[in-house]
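In the working numbering, the protein residues as written are 18 to 307.
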């Protein structure tokens, strides 16, 4: 096992390696996006650690002493091995499909009508879609990002709002009230159609001011079945306007009541930290369709 406490700092070793490779503190500073003074300070720290002069002036630049050249040889081998390992891992990551986890409702009603556009614009990115209402483990499930439902603010995750804002009560045209609905209390005696997945419609029902045991409710396994039931006139449902735009446009469903629900909706979620190029492209594509 490596005793890291006996080694100089990694930034100092990296600065020294860059100075040897470029033959210049100034070039090393530009390579690492730091100052000339920072490179010089790191080299002095190494010289103090080893008790040896490691760099000396050579014309307009700098060159390693024999002791510095010995250290540089080992650092070159080590850093090149690290770089090769990182490149290999990046290649493996690029070869596997870019994987999106999302709820069934999101996949059925929003993603699938649009995903052909992504494939047309990015034929080099293989996209795997995992429609699953269970939460994923980003560390073990090899999922790159997820489209998840809620209010955002999940610890350890970056959440970008995708479809948030207005939710509406919808029904088949034959069930829609003849007069405009002014508040949800006027719909207290209707039958509600929802799915039995914890999280989505139950949160909506609560946010719309209902207590689930006090209302008549029919439940189905997926939101696709919910919408099929509502289209058939089996009851009313609360839906994100963005998920049912086509039904509203062709008159299959009609809007009964609308309510802005701040922050509640679908979010693009991924672990905090650096984003891969494929993740940036996919997020940009998702947001372009909002």
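We put the beta carbon where it would ideally sit given N, CA and C, even for glycine.
Residues near residue i by beta carbon distance below 6 angstroms, same chain, minus five either side
i	result
residue 186	253, 255, 273 and 274
residue 232	209
residue 115	142, 144, 161 and 295
residue 264	270
residue 29	59, 62 and 63
residue 260	126 and 127
residue 155	288
Under the three-state DSSP convention, the category residue i falls into
i	result
residue 196	coil
residue 133	helix
residue 167	strand
residue 24	coil
residue 17	Because the chain spans 18 through 307 in this model, residue 17 falls outside it and cannot be assessed.
residue 66	helix
residue 305	helix
residue 300	helix
residue 41	coil
residue 151	coil
residue 51	coil
residue 201	helix
residue 98	helix
residue 91	helix
residue 138	helix
residue 232	coil
residue 262	helix
residue 19	coil
For residue i, the residue or residues it bridges with in DSSP
i	result
residue 178	284
residue 212	237
residue 329	For residue 329 there is no data in the structure shown, the boundaries of the chain being 18 and 307.
residue 72	81
residue 188	271
residue 253	209
residue 162	117
Whole-angstrom distance between residue j and residue i, CA atom to CA atom
i	j	result
residue 294	residue 281	28 angstroms
residue 59	residue 41	14 angstroms
residue 64	residue 285	48 angstroms
residue 200	residue 288	40 angstroms
residue 91	residue 120	50 angstroms
residue 93	residue 84	14 angstroms
residue 77	residue 290	40 angstroms
residue 113	residue 142	9 angstroms
residue 81	residue 96	17 angstroms
residue 234	residue 103	53 angstroms
residue 43	residue 301	37 angstroms
residue 238	residue 211	9 angstroms
residue 122	residue 262	14 angstroms
residue 21	residue 75	33 angstroms
residue 207	residue 196	15 angstroms
residue 140	residue 134	10 angstroms
residue 153	residue 167	15 angstroms
residue 56	residue 147	48 angstroms
residue 79	residue 37	8 angstroms
residue 292	residue 194	48 angstroms
residue 297	residue 151	24 angstroms
residue 88	residue 18	20 angstroms
residue 158	residue 117	11 angstroms
residue 279	residue 242	26 angstroms
residue 53	residue 26	18 angstroms
residue 136	residue 86	51 angstroms
residue 205	residue 138	47 angstroms
residue 149	residue 101	36 angstroms
Residues near residue i by beta carbon distance below 7 angstroms, same chain, minus five either side
i	result
residue 48	35 and 39
residue 250	189, 191 and 192
residue 303	179 and 285
beta-carbon residue i near the ligand HEM non-hydrogen atom, thresh 7 angstroms
i	result
residue 134	Because no ligand of any kind appears in the structure shown, any question about the ligand HEM cannot be addressed here.
Close beta carbons around residue i, own chain, < 8 angstroms, minus the five adjacent residues each side
i	result
residue 51	32
The stretch 232–246 touching the stretch 165–177, judged by at least three CB pairs closer than 8 angstroms: no
At least 3 beta-carbon pairs within less than 8 angstroms: the stretch 200–210 vs the stretch 257–270: no
The stretch 121–129 touching the stretch 69–76, judged by at least three CB pairs closer than 8 angstroms: no
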